[in-house]
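Colleague: Chains A and B, in that order, are what the protein sequence lines are. Note that the first sequence ends on residue 146 in the working numbering; no numbers are left out. Note that the second sequence ends on residue 111 in the working numbering; no numbers are left out. Please find one structure pasted underneath; my questions will follow.
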Amino acid sequence: MSDMSGNSLHYHYIVPGDDFTQAGAASSAVKQILKQLGLNPQTIRKMSISLYEGEINMVIHAGGGEIDVDIDDKKIVAVLTDYGPGIEDVDLAMQAGWSTASEQVRGLGFGAGMGLPNMKKYSDELIINTTVGAGTKVTIVVNIEN
Amino acid sequence: MRVNDLCEKLGWELVHGDGEREITGGIYCCDLLSIVMGRAPSDSLWITVMGNVNAMAVAALADTACVAVAENMLIDDEAIAGAKKGNVTVIRTGLPVFESAMAAARLLGLN
Ligand SMILES: Nc1ncnc2c1ncn2[C@@H]1O[C@H](COP(=O)(O)OP(=O)(O)O)[C@@H](O)[C@H]1O
Ligand SMILES: [Mg+2]
Numbered sequence: 001m002s003d004m005s006g007n008s009l010h011y012h013y014i015v016p017g018d019d020f021t022q023a024g025a026a027s028s029a030v031k032q033i034l035k036q037l038g039l040n041p042q043t044i045r046k047m048s049i050s051l052y053e054g055e056i057n058m059v060i061h062a063g064g065g066e067i068d069v070d071i072d073d074k075k076i077v078a079v080l081t082d083y084g085p086g087i088e089d090v091d092l093a094m095q096a097g098w099s100t101a102s103e104q105v106r107g108l109g110f111g112a113g114m115g116l117p118n119m120k121k122y123s124d125e126l127i128i129n130t131t132v133g134a135g136t137k138v139t140i141v142v143n144i145e146n
Numbered sequence: 001m002r003v004n005d006l007c008e009k010l011g012w013e014l015v016h017g018d019g020e021r022e023i024t025g026g027i028y029c030c031d032l033l034s035i036v037m038g039r040a041p042s043d044s045l046w047i048t049v050m051g052n053v054n055a056m057a058v059a060a061l062a063d064t065a066c067v068a069v070a071e072n073m074l075i076d077d078e079a080i081a082g083a084k085k086g087n088v089t090v091i092r093t094g095l096p097v098f099e100s101a102m103a104a105a106r107l108l109g110l111n
């Protein structure tokens, strides 16, 4: 789904909760779009990794959510919104290896506690707005360099 | 070296893809997908025991040359469908991860 407004592209995705087989569908679609736009591989990799981690977090921690992606000639902005439990201590959640993922989720290869650190590492800007009991909004910005 | 040639020389099974992709990013071994995601070099030979659909998504996003599933672990239909969708080359061996990596490293001249 996309629409052109000014010089920017906008895409909207719904991320189903607890569906591990679909997890990553939005990130894959965005990666495809970035490829078609001819962006450099490093930029594509940065956004793909950050968005995938955010998408997985929505699935395993928050019961799904929505993703909005805006692309202009300077940057890619992804906003991930969920209405899950929120994050109690963001500083702690940002630490490499810290995770509240279930054994089932770990069995699938997730829950290493590297998601948020990866997002921090690969994005140019990462903003986390979260309220316990209400939900989380994660904004990922990756600059376009050519 | 192409994935094809590696399979042929080591007797590993080509499970999905045409095997034409070149392995130029070395060898990477890990099973935790978030770690793989952030650290597997693109164009690498990624060796893991994870043969599920999520592993295929990670291989596609991290853009590894292929996924090598060790220990002859099951690669289910969902994973194959994921590999198709993400255009991921998938190979398989009965060797454990360390032995797989040793064999591949020898062949690729990495040691
Ligand atoms: N969208 C979210 N909603 C609620 N909690 C979250 C969300 N994203 C992350 N968290 C919390 O932050 C922790 C660390 O996240 P992350 O670094 O991605 O590691 P992992 O997902 O492997 O647990 C999670 O275990 C979880 O407690
Ligand atoms: Mg995570």
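In this text, a Cβ means the ideal position worked out from N, Cα and C, and glycines have one as well. In this text, all values refer to a predicted model and were calculated from it rather than measured experimentally.
Roughly how many angstroms lie between the CA atoms of B:Glu71 and B:Gly51, to the nearest whole one?
Modeller: Position 71 of the second sequence, counting from 1, holds the residue named residue 71 of chain B. Position 51 of the second sequence, counting from 1, holds the residue named residue 51 of chain B. Computed Cα separation, rounded: 10 angstroms.
Colleague: Considering only residues of the same chain and omitting the five flanking positions on each side of A:Lys46, which have a CB-CB separation below 6 angstroms?
Modeller: In the first sequence, residue 46 of chain A corresponds to position 46, counting from 1. The residues are Tyr122, Val142.
Colleague: Closest by CA to B:Gly38, which one among A:Glu53, A:Thr43, A:Gln36?
Modeller: The residue labelled residue 38 of chain B in the question sits at position 38 within the second sequence. Comparing Cα-Cα distances from B:Gly38 to each of A:Glu53, A:Thr43, A:Gln36, the minimum goes to A:Glu53.
Colleague: Can you tell me whether A:Pro117 sits near ligand 1, meaning its C-beta is under 7 angstroms from at least one heavy atom of the ligand?
Modeller: On the first sequence, residue 117 of chain A is found 117 positions in, with the first residue counted as 1. Yes; taking the cut-off as 7 angstroms, the Cβ of A:Pro117 has a heavy atom of ligand 1 nearer than that.
Colleague: Just verifying my parser: in three-state terms, what is the DSSP assignment at A:Lys75?
Modeller: Reading the first sequence from its first residue, position 75 is the one you call residue 75 of chain A. Here A:Lys75 sits in strand by DSSP.
Colleague: Tell me which same chain residues have a C-beta within less than 7 angstroms of the C-beta of A:Ile49, skipping the five on either side of it?
Modeller: For this step, residue 49 of chain A is matched to residue 49 along the first sequence. Closer than 7 angstroms at the Cβ level, and outside the excluded window around A:Ile49, lie Asn118, Tyr122.
Colleague: Using three-state DSSP, classify B:Arg2 as helix, strand or coil.
Modeller: On the second sequence, position 2 is the one that residue 2 of chain B refers to. The answer is strand: DSSP assigns B:Arg2 an E or B state.
Colleague: Please compile the residues from chain A whose C-beta is within a distance smaller than 7 angstroms of the C-beta of B:Asn111.
Modeller: Position 111 of the second sequence holds residue 111 of chain B. Per Cβ cutoff of 7 angstroms: no residues; B:Asn111 is ~27 angstroms from chain A at best.
Colleague: Taking A:Leu126 and A:Ile71 to be in contact with their CB atoms under 8 angstroms, please state how far apart those CB atoms are, rounded to whole angstroms.
Modeller: Taking the first residue of the first sequence as position 1, residue 126 of chain A is located at position 126. Taking the first residue of the first sequence as position 1, residue 71 of chain A is located at position 71. Incorrect: roughly 18 angstroms between the Cβ atoms, too far for contact.
Colleague: Exposed or buried, A:Lys31, counting other C-beta atoms within 10 Å across all chains shown (16 or more means buried)?
Modeller: As a working mapping, residue 31 of chain A is identified with position 31 in the first sequence. It counts as buried.
Colleague: So, do the segment 98-108 of chain A and the segment 3-19 of chain B have three or more beta carbon pairs nearer to each other than 8 angstroms?
Modeller: Taking 8 angstroms as the limit for Cβ pairs, the verdict is that the segment 3-19 of chain B does not touch the segment 98-108 of chain A.
Colleague: Please report the Cβ distance between A:Met94 and B:Ser34, rounded to the nearest whole angstrom; I am assuming they are in contact, meaning their Cβ atoms lie under 8 angstroms.
Modeller: Counting from 1 along the first sequence, the entry for residue 94 of chain A is found at position 94. Counting from 1 along the second sequence, the entry for residue 34 of chain B is found at position 34. The Cβ separation is near 14 angstroms, so there is no contact.
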